[in-house]
Ligand SMILES: Cc1cc2nc3c(=O)[nH]c(=O)nc-3n(C[C@H](O)[C@H](O)[C@H](O)COP(=O)(O)OP(=O)(O)OC[C@H]3O[C@@H](n4cnc5c(N)ncnc54)[C@H](O)[C@@H]3O)c2cc1C
Ligand SMILES: [Zn+2]
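Residue numbers (the numbering used here), protein chains in the order written: chain A, 1 to 88; chain B, 89 to 493.
Following this line, the structure appears as structure tokens:
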């Protein structure tokens, strides 16, 4: 189980959170290719990864987590300042 | 030289040194890579084939899965695919002259809500129209078919009935691995263990070879079969795929006397159980939905699945947990595989089987071999192209595939 530090509430168990994956910006205008990228393509890297989590059973706020996908180590968590358009 | 860890009895397969060039190079020595190599050698006029495996054969999901085999999917594109796979399973031991202990003990998918009942009944009709065996069982019939299921109305999510596929079942995944490796090797396929692909030689947007930990190998065509590590492979070739890799766990209990005569799955309560021949109860559940290559999952998923198992099968309260493990599964947005061309000429991909690719082992190899031999998809995998994420012709199998295997 991950121990995730909500930037607003502090460290809490993973079960309090929901995963939001990589944040991507909704394109203003889109041909099929760009739209497809926005809807379906997310990176799946091995190593440090920037992703979103929401403190679903807490303050309910979204924030940014940097986590190593090879070790599950959480590198840091930060407030979400300017959410990209169309973010969850 | 092959390192000691990768040595194996020569009566199973040869351990040749890599040649400098092959007609077809398959990346990934899991079940899909081996099955593809076998059918390439058997059904097509391709003479020189190699399977490149970074570790030892079958170190990935090939031998981490819970071995559930069924063909009762829902979509018009999926049903013939999985049904051909099941038919191939039915003759696989004879074909490979190696008993893979395929056991059609029947597979129950429990329904706990009105929606699940409706969905299951819809699947029964859809399957029957496609010539796939499917039955609907009322709770009392579920109890009769599988006596340890708790059909009491007083549990949190009572069993309202179940979808039964009598031809569904399990096989021994390690034996399938041995059988395919042996048969492919006997047909002249070079199985190269400890041979990690680290890059691709791409000229004018055409792949002409691979770079590996055992040197450069030229290739006429390259087929990726890397399951959970496919996004990393594709990146090396400059290709993005709509695939995310996440952990999926399984567990096994110590050996018990025979108590469970079927495979029983519950999508809503998130547990599926079967009893292996040595008496161990093999269970799986939901996946962790975060990206990971750690081959390790969260503890709470195991807790939830054991809670669900105890509610559905109170008798399992006496079992002891022996082992847990995880594999990394390649999940696509519509829970269906991607098999076919990539934006790079002569480079093909077969991935996205996610949580349910073991059952597809024979058919995955069969159609991918066709695709690699002809440079064109087989009729059965035409719809499973990468381009469907642009055209919108998705093959949504979330109901049938995302959790349940
Ligand atoms: C816990 C669990 C339970 C499951 N239960 C079921 C089930 O009940 N029924 C079902 O149908 N499916 C199930 N699955 C899914 C099924 O196991 C997979 O879909 C299927 O095994 C994937 O195909 P594979 O065997 O070829 O994969 P793998 O065995 O993972 O093969 C991929 C291979 O590629 C190799 N590779 C990767 N990168 C490189 C590289 N750079 N160079 C060389 N080699 C490389 C890897 O080492 C690996 O051996 C389950 C999976 C898991 C993890
Ligand atoms: Zn919070």
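For glycine and all other residues, C-beta sits at the position ideal for the given N, C-alpha and C.
Item: Restricting to runs no shorter than 3 residues, where is the beta strand (DSSP E) found entirely within the stretch 413-486 of chain B?; Value: 426-429, 435-439
Item: Just verifying my parser: in three-state terms, what is the DSSP assignment at residue 360 of chain B?; Value: strand
Item: When you compare the CB of residue 333 of chain B with every CB in chain A, is at least one pair closer than 7 Å?; Value: yes
Item: Measure the CB-CB distance between residue 159 of chain B and residue 140 of chain B and report whether it falls below 7 Å.; Value: no
Item: Counting C-beta neighbours from all protein chains within 10 Å, is the total for residue 287 of chain B 16 or more, i.e. buried, or is it exposed?; Value: exposed
Item: Cβ of residue 57 of chain A less than 7 Å from any chain B Cβ?; Value: no
Item: Mind checking the stretch 7-20 of chain A against chain B and listing, in chain order, the residues whose C-beta falls within less than 7 Å of any C-beta there?; Value: 14, 15, 19
Item: Would you mind telling me which residues of chain B sit closer than 8 Å to residue 49 of chain A, beta carbon to beta carbon, in chain order?; Value: 379
Item: Does any heavy atom of ligand 1 sit closer than 6 Å to the C-beta of residue 154 of chain B?; Value: yes
Item: Can we count residue 315 of chain B as close to ligand 4, meaning its CB is less than 6 Å from some heavy atom?; Value: Among the ligands modelled here, namely ligand 1 and ligand 2, ligand 4 does not occur.
Item: Excluding the five sequence neighbours on either side, which residues of its own chain have a C-beta within less than 8 Å of the C-beta of residue 1 of chain A, listed in chain order?; Value: 13, 14, 15
Item: With DSSP collapsed to three states, give me the class of residue 46 of chain A.; Value: coil
Item: Classify residue 26 of chain A as helix, strand or coil using the three-state DSSP reduction.; Value: coil
Item: DSSP puts residue 112 of chain B in a beta bridge; with which residues?; Value: B:137, B:309
Item: Counting contacts by CB-CB distance shorter than 7 Å, is residue 382 of chain B in contact with chain A?; Value: yes
Item: Tell me, please, whether the CB atom of residue 484 of chain B is closer than 7 Å to any CB atom in chain A?; Value: no
Item: Counting only C-beta atoms, is residue 386 of chain B closer than 7 Å to chain A at any point?; Value: yes
Item: Taking the alpha carbon of residue 375 of chain B as the point to measure from, which residue in B:368, B:386, B:382 has its own alpha carbon closest?; Value: B:386
Item: Does DSSP put residue 89 of chain B in a helix, in a strand, or in coil?; Value: At residue 89 of chain B, the pLDDT of 48 sits below 50, so the modelled position is not reliable; the number obtained from the coordinates is stated separately. Residue 89 of chain B falls in the coil class under three-state DSSP.
Item: For residue 346 of chain B and residue 250 of chain B, what's the separation of their Cα atoms in angstroms?; Value: 22 Å
Item: Are at least three pairs of beta-carbons, each pair with one atom in the stretch 154-172 of chain B and one in the stretch 377-385 of chain B, less than 8 Å apart?; Value: no
Item: I'd like to confirm the pairing. Which residues does DSSP put opposite residue 199 of chain B in its beta bridges?; Value: B:249
Item: Please look up how many angstroms separate the CB atoms of residue 138 of chain B and residue 113 of chain B, rounded, as I've assumed it's under 8 Å.; Value: 5 Å
Item: Could you give the residue range of the alpha helix (DSSP H) that holds residue 403 of chain B?; Value: No alpha helix (DSSP H) holds residue 403 of chain B; DSSP gives it neither H nor E.
Item: What do you get for residue 378 of chain B, buried or exposed, if any count of 16 or more other CB atoms within 10 angstroms of its CB means buried?; Value: buried
Item: Just grab the DSSP bridge partners of residue 121 of chain B for me.; Value: DSSP output for residue 121 of chain B lists no bridge partner at all.
Item: According to a CB-to-CB cut-off of less than 7 Å, which residues of the stretch 34-48 of chain A neighbour chain B?; Value: 36, 40, 41, 42, 44, 46
Item: So which residues on chain B does residue 1 of chain A lean against when the C-beta distance must stay under 7 Å?; Value: 386, 387, 388
Item: How about residue 41 of chain A and residue 330 of chain B: do their beta carbons lie closer than 7 Å?; Value: yes
Item: Compute the minimum distance between the beta carbon of residue 148 of chain B and the heavy atoms of ligand 2, and state whether it is under 6 Å.; Value: no
Item: Given that a residue counts as buried once 16 or more other Cβ atoms are within 10 Å of its Cβ, and exposed if not, what is residue 447 of chain B?; Value: buried
Item: Starting from the Cα of residue 39 of chain A, find the closest Cα among B:484, B:478, B:488 and give me that residue.; Value: B:478
Item: Which residues end up in the neighbourhood of ligand 2 when you take C-beta atoms closer than 5 Å to any of its heavy atoms?; Value: A:6, A:8, A:9, A:55, A:58, A:59
Item: In chain order, what residues of the stretch 67-81 of chain A put their CB closer than 8 Å to some CB of chain B?; Value: 67, 69, 70, 71, 72
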